[in-house]
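Chemist:
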Amino acid sequence: APKRVLLLLQCQRSLNDRLAAACSFTALRTCFPILTWLPRYNLTWLRMDVLAGLTVGLTAVPQGLAYAEVAGLPVQYGLYSAFMGGFVYCVFGTSKDVTLGPTAIMSLLCSYYIERDPVYAVLLTLLCGIIQTAMAFLRLGFLLDFISYPVIKGFTCAAAVTIGFGQVKNILGLKGVPRQFVLQVYYTFHRIPEARVGDVILGVSCLFFLMMVTMMKSTLRSLEDSPSSLVQAARGIVWNFATIRNALVVIAATCVAYSTEVIDYHIFTLTGKTAKGLPPFSPPSFSETTANGTHVSFNEILLDLGGGLAVIPLMGVLESIAIAKAFGSQNNYRINANQEFFAIGLTNILGSFVSAYPVTGSFGRTAVNSQTGVCTPAGGIFTGGMIHMNNIDNVKILHVVIVIEVVRQIWRVRKLDVLPFLVTFLVSFWEVQYGIVAGVAVSGLMLLYVVSRPKLKMSDHGVAVVELASGLHFPAIEHLSGVLRSHALHVSPPRSAVLDCHHVSSIDYTVVNELKDLLKQFKLHDVSLVFTGLKVGLVRIGLWLKPMPCNRHLCKSRVVLLWLLTNQTRVGELIIQSTVC
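Numbering (the numbering used here), first residue to last: 5 to 585.
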């Protein structure tokens with residue numbers, strides 16, 4: 005009874021401590037990160053946030069239109085998707101630099117599941133938000149640790165190629181080209197004679213302008229340390245010009261297209277009229293009736309979305325958190341991964357009420373935000389306020405960069421890591437989502453192989469000595485047993501063995517059972533098996549193994565060797581040496 009009362013008191017004290025911690029101001033700031041910087045907000049921060057927000061907005065508008073095209077949706081859905089993130093992330097985000105909105109990779113992924121249907125896209129946004137928010141509450145951020153860097157780079161490189169080539173048909177003015185990459189390549193080249201000359205000229209001109217501005221920016225970057233005020237002024241002008249280059253291209257292309265329409269000279273493919281303003285704030289539809297009168301229920305939509313309900317939420321948080329960590333490291337601050345899960349999830353949930361499709365962090369716009377000198381997440385408010393534009397030419401935003409240097413780095417660090425990169429890269433050309441799964445599977449198999457083949461240090465002093473360089477778990481026990489048998493039991497004559505476990509912190513039930521069988525085999529061969537360097541907890545686990553006389557005076561391998569060489573009459577015993585003796 006006293007023990008029960010003591011246990012109840014301890015539980016009550018623990019519960020009270022948890023409630024006090026949950027209701028503290030520290031916990032409140034964790035849930036609402038805006039409280040960490042809002043009390044210190046000043047006019048200097050406001051000026052920098054306004055400048056950064058408006059600059060990012062000039063980039064977000066043309067990119068949103070282009071990314072909606074990649075997703076297979078009407079262009080206005082790109083603007084709907086770019087609107088909500090800035091407001092939600094301002095309150096709940098933990099990175100001052102990250103901007104949420106439509107991205108090239110997320111748009112490409114969505115295109116495989118939403119079947120060019122806005123109802124599917126908006127409902128997918130709501131479901132993704134719910135899943136991401138649930139992951140935040142369950143603290144499942146560790147799942148992202150199983151997606152390796154080579155897989156991420158293989159996926160992004162394949163997405164860059166897919167998106168880039170997908171824009172070729174727009175530059176050529178072709179319609180009705182299949183979405184699947186291999187078929188897209190075939191039909192694009194097959195239909196080159198059908199290309200519209202006006203679209204080609206305008207598209208190539210836009211690309212040439214973008215490349216020239218980018219080259220100018222790179223050239224002037226080398227003059228960053230120049231003492232000349234004239235050079236620094238030129239750098240500032242070019243940098244600002246390069247920052248809004250996408251917006252300038254869209255404005256210029258729109259003016260050209262509009263002028264040809266005024267004189268009734270139709271040489272460009274236009275998006276036409278888009279819906280003005282934002283849609284009414286309302287929940288997404290959970291079913292729809294198609295043009296031919298077929299009713300599609302919620303369950304049928306779920307079946308059609310299929311694997312997208314797993315792939316898109318995971319890739320959304322992966323992309324955003326990777327960007328947040330990168331810029332946090334660059335600008336010397338830390339992020340809260342679970343809070344980022346929540347911010348992205350809530351953005352998608354609320355975004356579905358304004359007809360958005362799934363969003364995540366944008367690397368390009370985040371870089372612009374950081375370089376412009378944003379001070380707090382409040383910059384997103386001014387970005388969101390700029391999202392509105394109408395009657396944009398369908399040309400011709402193409403922003404694809406494949407970093408070959410990354411592949412070289414992977415090769416130099418560990419050649420085998422190129423395998424998941426190549427698998428992800430190549431399979432993604434079949435279906436992007438399958439590329440991710442294939443890459444994760446290959447990475448997982450490589451990881452399991454390493455776990456199942458732990459590094460062993462072998463030595464021979466008349467007794468087989470095996471030193472484990474890492475942990476001991478069930479995938480590795482068969483390999484370890486085979487090594488012990490081959491070096492101790494399958495030699496003539498059989499000899500005793502020492503297993504040095506100084507680096508082993510835990511074992512599992514499968515390992516214990518295999519050790520029982522191994523002990524029996526050593527006993528049948530009239531030799532001894534000795535474990536040395538076991539932690540105290542593992543000694544208790546070892547009590548399951550019988551017979552097991554425990555000698556606490558043999559703690560070091562060289563002492564164990566001396567004892568074995570002089571006590572070969574004590575055979576068939578497992579003797580456990582604890583590191584605390």
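In this text, a Cβ means the ideal position worked out from N, Cα and C, and glycines have one as well.
For N342, count the other beta carbons within 10 Å of its own beta carbon; 16 or more makes it buried, fewer makes it exposed. Which is it?
Modeler: Result: buried.
Chemist: Can you tell me whether T298 is buried or exposed? The criterion is at least 16 other CB atoms within 10 Å of its CB, across all chains shown.
Modeler: Exposed is the call here.
Chemist: Suppose the cutoff is 6 Å on Cβ atoms and the five residues either side in sequence are ignored; what does the same chain contact list for S447 look like?
Modeler: The answer, listed in chain order, is S152, V155 and P424.
Chemist: Could you give the C-beta distance for L1 and F535, rounded to a whole number, given that I count them as a contact under 8 Å?
Modeler: It is not possible to answer for residue 1, since the shown part of the chain is limited to 5 through 585.
Chemist: So V502 is in the alpha helix (DSSP H); what residue range does that whole segment cover?
Modeler: Looking at the DSSP string, V502 is not in any alpha helix (DSSP H); the run it does join, the beta strand (DSSP E), is A501 to D504.
Chemist: Quick one: what does DSSP say H494 is sitting in, helix, strand or coil?
Modeler: H494 falls in the coil class under three-state DSSP.
Chemist: Would you say the beta carbon of R239 is closer than 8 Å to some non-hydrogen atom of the ligand MN?
Modeler: No copy of the ligand MN occurs in the structure displayed, which carries no ligand at all.
Chemist: When you compare only the Cα positions, how much space is there between M450 and F146?
Modeler: Cα-Cα distance, rounded: 19 Å.
Chemist: Throw me the rounded Cβ distance for the L83 and G97 pair, which I believe falls under 8 Å.
Modeler: With 8 Å as the limit, L83 and G97 do not qualify as a contact, their Cβ atoms being about 21 Å apart.
Chemist: Answer with buried or exposed for P287, where buried requires no fewer than 16 other C-beta atoms within 10 angstroms of its C-beta.
Modeler: P287 should be labelled exposed.
Chemist: Whole angstroms are fine: how far does the CA of S359 sit from the CA of P78?
Modeler: Answer to the nearest angstrom: the Cα atoms are 11 Å apart.
Chemist: Going by DSSP, what residue range makes up the beta strand (DSSP E) through T536?
Modeler: L533 to L538 is the span of the beta strand (DSSP E), which, as asked, contains T536.
Chemist: Please classify G310 as buried or exposed, where buried requires at least 16 other C-beta atoms within 10 Å of its C-beta.
Modeler: Answer is exposed; the Cβ neighbour count stays below 16.
Chemist: Contact between the segment 164-173 and the segment 181-199: three or more CB pairs below 8 Å?
Modeler: Yes, the segment 164-173 is in contact with the segment 181-199.
Chemist: Sorted by chain position, which residues of the same chain lie with C-beta nearer than 7 Å to S85's C-beta, five sequence neighbours on each side aside?
Modeler: So the qualifying residues of the chain are G68, G105, P106, G355, A360, Y361 and V363.
Chemist: If you draw a straight line from the alpha carbon of M52 to that of I109, how long is it in whole angstroms?
Modeler: M52 and I109: Cα-Cα distance of roughly 29 Å.
Chemist: Could you tell me the distance, in whole angstroms, from the CA atom of N555 to the CA atom of L538?
Modeler: The predicted position of N555 is uncertain, since its pLDDT is 38 and thus under 50; a value taken from the coordinates is nonetheless stated next. In a straight line, the C-alpha of N555 is about 12 Å away from that of L538.
Chemist: Could you tell me the distance, in whole angstroms, from the CA atom of T137 to the CA atom of R416?
Modeler: The straight-line gap from Cα to Cα measures roughly 39 Å.
Chemist: Mapping DSSP to helix, strand and coil, what is L360?
Modeler: According to the sequence displayed, residue 360 carries Ala and not Leu. Reduced to three states, the DSSP call for A360 is coil.
Chemist: If you reduce the DSSP assignment to three classes, tell me which class T103 lands in.
Modeler: Coil.
Chemist: Between the alpha carbons of C114 and R489, how many angstroms are there, rounded?
Modeler: Distance between the alpha carbons of C114 and R489: 54 Å.
Chemist: Given this structure, state the Cα-to-Cα distance separating I118 from L42, to the nearest angstrom.
Modeler: The alpha-carbon atoms of I118 and L42 are separated by roughly 39 Å.
Chemist: To the nearest angstrom, how far is it from the Cα of L519 to the Cα of V411?
Modeler: Cα to Cα, L519 sits roughly 43 Å from V411.
Chemist: Could you name the residues of the same chain whose beta carbon sits closer than 7 Å to that of L402, not counting the 5 residues immediately before and after it, in chain order?
Modeler: Low per-residue confidence applies at L402: pLDDT is 40, beneath 50, and the placement is therefore not dependable, though the value from the model is reported in the following sentence. Excluding sequence neighbours, L402 sits near G168, Q171 and L211.
Chemist: Between which residues of its own chain and R338 is the CB-CB distance below 7 Å, once the five residues before and five after are set aside?
Modeler: So the list reads G332, once near-sequence residues are dropped.
Chemist: Could you work out which residue in T166, E198 and A163 is closest to G180 when comparing CA atoms only?
Modeler: Comparing Cα-Cα distances from G180 to each of T166, E198 and A163, the minimum goes to E198.
Chemist: So F91 packs on G384, CB below 8 Å; how close in whole Å?
Modeler: F91 to G384, Cβ: 7 Å. Contact.
Chemist: From the DSSP output, read off the bridge partner residues of H299.
Modeler: BP columns for H299 point to T293.
Chemist: Which word fits A295, buried or exposed, when buried means at least 16 other C-beta atoms lie within 10 angstroms of its C-beta?
Modeler: Per the 10 Å Cβ criterion, exposed.
Chemist: Extract the residue ranges of the alpha helix (DSSP H) inside the segment 406-463, only unbroken runs of 4 or more that lie entirely within it.
Modeler: The segment 406-463 contains these whole alpha helix (DSSP H) runs: 408-417, 422-431 and 436-456.
Chemist: Relative to the alpha-carbon of D421, which residue among I305, G443 and W434 has its alpha-carbon at the smallest distance?
Modeler: Minimum Cα distance to D421 is reached at G443.
Chemist: What residue range is occupied by the uninterrupted alpha helix (DSSP H) comprising A199?
Modeler: Element bounds for A199: n/a, residue is neither H nor E.
Chemist: Round the Cβ separation of R369 and V60 to the nearest angstrom and send it over; I've been treating them as touching at under 8 Å.
Modeler: With a Cβ gap of about 5 Å, R369 and V60 count as contacting.
Chemist: CB S4 to CB A468, shorter than 9 Å?
Modeler: Because the chain spans 5 through 585 in this model, residue 4 falls outside it and cannot be assessed.
Chemist: May I ask you to report which of helix, strand or coil DSSP gives V365?
Modeler: Reading off the sequence shown, one finds Gly at residue 365, where the question assumed Val. Of the three classes helix, strand and coil, the one that applies to G365 here is strand, per DSSP.
Chemist: Do you know offhand how far Y513's Cα is from L522's?
Modeler: So the alpha carbons of these two residues sit roughly 14 Å apart.
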